[in-house]
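Written below as structure tokens is the structure these notes are about.
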């Protein structure tokens with residue numbers, strides 16, 4: 071009996087291939103050694119088969135139960151991550167996207183060229199701009215920006231009111247972005263501000279008008295200050 075052969079017998083004993091009856095007994099061997107071997111072999115089989123294997127099965131089942139308990143949360147997290155990274159597109163399936171993508175690209179290119187042509191100033195506008203002084207041109211730009219912002223704010227407020235009144239408001243709310251112009255009824259705020267500070271504002275406007283009459287070059291500056299004061303009323 072050597073250690074290698076003993077280890078081989080113990081390894082196959084886990085699978086039930088060897089038993090204590092395969093112990094090689096000799097005539098000079100004492101009887102108590104066979105009893106000692108049976109006791110140690112039984113302890114080895116008890117620890118290896120009953121304790122360790124069952125402990126491994128219990129650990130695996132506990133791990134499976136914890137994964138199963140958290141699977142719902144992990145699945146929802148993965149779904150939300152996928153939805154956030156998803157981009158809504160109108161692409162066609164793989165065989166047809168070769169045609170559709172080129173068509174859409176060509177249409178966008180045509181639209182860009184048309185917009186560039188529209189944005190080009192006319193000859194009359196250029197002649198008028200050359201006659202105007204730099205200060206008057208800056209004033210005209212400022213007034214055009216103010217008109218654009220007022221028109222955009224009015225359109226957004228109308229769209230938001232339609233979204234709240236319509237039965238499909240939950241669907242339209244995704245399309246209409248909520249801005250600070252739509253959060254508060256600014257018309258009511260303007261009226262209250264005018265009720266409190268209306269007299270002071272009128273006095274300032276009268277003084278500015280007198281200064282503009284005295285100095286004709288300050289007409290545009292006065293108009294810009296008036297528009298700034300109006301914006302201050304709405305802020």
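In my numbering, the protein residues as written are 71 to 305.
Note that the Cβ used here is the ideal one computed from N, Cα and C, for glycine as well.
Spatial distance of residue i from residue j (CA atoms)
i, j, result
"residue 126", "residue 141", "22 Å"
"residue 181", "residue 155", "29 Å"
"residue 111", "residue 72", "16 Å"
"residue 256", "residue 262", "10 Å"
"residue 183", "residue 169", "22 Å"
"residue 137", "residue 128", "14 Å"
"residue 214", "residue 172", "38 Å"
"residue 278", "residue 175", "54 Å"
"residue 225", "residue 179", "The predicted model places residue 225 with a pLDDT of 49, which falls under 50 and marks its position as unreliable; any figure quoted below should be read in that light. About 28 Å."
"residue 83", "residue 151", "51 Å"
"residue 144", "residue 124", "29 Å"
"residue 103", "residue 118", "22 Å"
"residue 230", "residue 130", "Unreliable positioning characterises residue 230 in this predicted model, as indicated by a pLDDT of 44, which lies under 50. The coordinate reading is nonetheless provided below. Taking the straight line from one Cα to the other gives about 56 Å."
"residue 147", "residue 80", "49 Å"
"residue 258", "residue 212", "26 Å"
"residue 77", "residue 134", "34 Å"
"residue 107", "residue 75", "15 Å"
"residue 177", "residue 162", "16 Å"
"residue 116", "residue 132", "23 Å"
"residue 88", "residue 139", "42 Å"
Residue i - DSSP class collapsed to helix/strand/coil
i, result
"residue 107", "helix"
"residue 164", "coil"
"residue 265", "helix"
"residue 84", "coil"
"residue 76", "helix"
"residue 98", "coil"
"residue 89", "coil"
Delimiting residues of the alpha helix (DSSP H) encompassing residue i
i, result
"residue 124", "124–154"
Residue i beta carbon near the ligand MG (any heavy atom closer than 7 Å)
i, result
"residue 124", "Looking at this structure, you won't find the ligand MG or any other ligand, since it has none at all."
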